[in-house]
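Participant: First, the structure itself, so that you have it in front of you.
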Amino acid sequence: MNVAVQLGHVTKRFGTKTALNDVSLRVPEGVVFALLGENGAGKTTMIRILTGFLAPDSGIAMVLGHDCKNNAMQIRQSIGYVSDAPALYDWMRPEEIGWFTSAFYDDSFPKRFLELLAEFDIPTGTAIKNLSKGQRAKVALALATAHDPKLLILDEPTSGLDPMVRRHFLESMVDRAAGGRTVLLSSHQISEVERVADWVAIMHAGKLKVVQPLETLKSSTSIVTATLDQPDAVAPLPRGDVLTETQNGRQVRWVVSNLADDWKTDFGDSSGVTNLGSVSASLEEIFIAVCDVRAKRPKVLPAEPDSVESLAEVSPVNSSDEVES
Ligand SMILES: Nc1ncnc2c1ncn2[C@@H]1O[C@H](COP(=O)(O)OP(=O)(O)OP(=O)(O)O)[C@@H](O)[C@H]1O
Numbered sequence: 001m002n003v004a005v006q007l008g009h010v011t012k013r014f015g016t017k018t019a020l021n022d023v024s025l026r027v028p029e030g031v032v033f034a035l036l037g038e039n040g041a042g043k044t045t046m047i048r049i050l051t052g053f054l055a056p057d058s059g060i061a062m063v064l065g066h067d068c069k070n071n072a073m074q075i076r077q078s079i080g081y082v083s084d085a086p087a088l089y090d091w092m093r094p095e096e097i098g099w100f101t102s103a104f105y106d107d108s109f110p111k112r113f114l115e116l117l118a119e120f121d122i123p124t125g126t127a128i129k130n131l132s133k134g135q136r137a138k139v140a141l142a143l144a145t146a147h148d149p150k151l152l153i154l155d156e157p158t159s160g161l162d163p164m165v166r167r168h169f170l171e172s173m174v175d176r177a178a179g180g181r182t183v184l185l186s187s188h189q190i191s192e193v194e195r196v197a198d199w200v201a202i203m204h205a206g207k208l209k210v211v212q213p214l215e216t217l218k219s220s221t222s223i224v225t226a227t228l229d230q231p232d233a234v235a236p237l238p239r240g241d242v243l244t245e246t247q248n249g250r251q252v253r254w255v256v257s258n259l260a261d262d263w264k265t266d267f268g269d270s271s272g273v274t275n276l277g278s279v280s281a282s283l284e285e286i287f288i289a290v291c292d293v294r295a296k297r298p299k300v301l302p303a304e305p306d307s308v309e310s311l312a313e314v315s316p317v318n319s320s321d322e323v324e325s
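full-length UniProt numbering applies: residue 1 is where the sequence shown begins, and numbers increase by one.
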């Protein structure tokens, strides 16, 4: 597997706060890879390390074969990046900022940039400060993609965009991946991620809890429901990795990873449990099961990182590992 992004045991602290805690990750080339996590989980910190704006305290980060710490300039030239708060020169007109930025890239940049402005319906001839929030976001996207980067990194790419542009934009991300480019996006829009991502990583409190192809993750995670004969009865747990348990009166609901095929056989006539059922979990349900610290976890779950990492298939790398360019 060719790798676009690789982190090996990366840790980053801000004072006493550990923003990234021994994070290892490989992002294959040619996929849309989504990074999910609650506020403060460490997504932007990871992206800032990958784009060379921040150095890890320990561990190694590589992008397209370059070490992020020592080759930040090369990386920035070969990737596209839109931050969650893109800084644009407000007094410039959109076409001027394209011309200004084109100095960093090859000759095809200005033409493609103007095409993207037209595609996004951005008015030219007026200063960027007069554009709406969504229009400014589109200018930032056009700047990040006009050089057709091998890797596009996007922090909350669709915030501020209207629904039609969001859809169009996300479809274009899928097209990029189909053409062999890689897209790494951080997002809180789980339904959008579910529509476009090939791979999903879920971060929680500076750790990677899940890294899997989206379809594998969804097909291996189930919602199991049952009715208890008595509200105070204790039901056996479904066989598998039970992530969370919720009880409402006599109704019980578990989110289970790797549910055994024959799990129902454990609930005999004398189990005090009826109406057993299971359906596939949505990405949002998986996200909440993994991240919600208030959720009831019926057994000593995956003390970090063992349990959830088994769900995760994280492939740690040694800091000495190298990525082929
Ligand atoms: N420059 C900094 N100085 C101090 N603490 C920081 C700094 N940058 C990030 N942090 C802390 O590191 C943690 C991770 O922050 P980060 O911005 O990476 O989270 P995030 O997952 O991107 O969150 P959000 O979804 O809210 O954007 C947070 O607790 C944050 O307060």
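Every residue, glycine too, gets a C-beta built ideally from N, C-alpha and C.
Everything numeric in this text was worked out from a predicted model, so none of it was measured.
To test your reading of the DSSP string, which unbroken beta strand (DSSP E) runs of 3 or more residues are found completely within the segment 232–285?
Facilitator: List check, beta strand (DSSP E) in window: 241–248, 251–257 and 273–280.
Participant: From R253 to A146, what distance separates their C-alpha atoms?
Facilitator: Near 48 Å, if we compare the C-alpha coordinates of A146 and R253.
Participant: Regarding N39 and ligand 1, is the C-beta to nearest heavy atom distance less than 7 Å?
Facilitator: Because some heavy atom of ligand 1 lies under 7 Å away, the Cβ of N39 counts as near it: yes.
Participant: Within the same chain, show all residues whose beta-carbon is closer than 7 Å to that of V31, passing over the 5 residues directly before and after it, in chain order.
Facilitator: These residues qualify, in order along the chain: A177, T182, D198 and W199.
Participant: Please name the residue or residues paired with I60 in a DSSP beta bridge.
Facilitator: According to DSSP, I60 bridges with G8.
Participant: What's the C-alpha gap between H168 and V174?
Facilitator: C-alpha separation (whole angstroms): 10 Å.
Participant: Hey, out of L276, N258 and E192, whose CA is closest to S159's CA?
Facilitator: Nearest of L276, N258 and E192 to S159, Cα basis: E192.
Participant: What would DSSP say about V23, mapped onto helix, strand or coil?
Facilitator: Strand, per DSSP.
Participant: Can you pull the DSSP bridge partners for D148?
Facilitator: Beta-bridge pairing links D148 to no other residue.
Participant: If you run the structure through DSSP and keep just helix, strand and coil, what is P123?
Facilitator: Three-state result, P123: coil.
Participant: Throw me the rounded Cβ distance for the G42 and G206 pair, which I believe falls under 8 Å.
Facilitator: Yes, they are in contact, since the Cβ atoms of G42 and G206 sit about 5 Å apart, within 8 Å.
Participant: Do the segment 231–242 and the segment 255–268 meet, that is, are 3 or more Cβ pairs less than 8 Å apart?
Facilitator: At 8 Å Cβ cutoff, the stretches touch.
Participant: Quick check: is any heavy atom of ligand 1 less than 7 Å from the C-beta of D84?
Facilitator: Yes, ligand 1 has a heavy atom inside 7 Å of this Cβ.
Participant: Could you tell me which whole alpha helix (DSSP H) segments of length 4 or greater appear in the segment 146–191?
Facilitator: For the segment 146–191, whole alpha helix (DSSP H) runs of length 4 or above, ordered along the chain, are 163–178.
Participant: Under 7 Å: does the beta carbon of G42 sit that close to some heavy atom of ligand 1?
Facilitator: Yes - ligand 1 has a heavy atom lying nearer than 7 Å to the Cβ of G42.
Participant: Consult DSSP for K69 and reduce its assignment to one of helix, strand or coil.
Facilitator: Of the three classes helix, strand and coil, the one that applies to K69 here is coil, per DSSP.
Participant: Check this for me: beta carbons of V37 and I202, under 8 Å apart or not?
Facilitator: Residue identity check: residue 37 is Gly in the sequence provided, not Val. For G37 and I202, yes; Cβs fall inside 8 Å.
Participant: Measure from the alpha carbon of Q77 to the alpha carbon of each residue in I153, K111 and L185, then state which is nearest.
Facilitator: Checking every option, the nearest Cα to that of Q77 belongs to I153.
Participant: Would L208 and L25 qualify as a contact pair, given that the criterion is a beta-carbon distance under 8 Å?
Facilitator: Yes.
Participant: Nearest by alpha-carbon distance to T51: which of V255, R93 and L7 is it?
Facilitator: Taking only the C-alpha atoms, the option nearest T51 is L7.
Participant: For K12 and T45, what's the separation of their Cα atoms in angstroms?
Facilitator: For K12 and T45, the distance between alpha carbons rounds to 8 Å.
Participant: Kindly list the residues whose CB is nearer than 7 Å to the CB of A303, restricted to its own chain and excluding five residues on each side of it in sequence; keep chain order.
Facilitator: Per-residue confidence for A303 stands at a pLDDT of 43, beneath the threshold of 50, marking its modelled position as unreliable; the derived number appears in the next sentence. Closer than 7 Å at the Cβ level, and outside the excluded window around A303, lies no residue.
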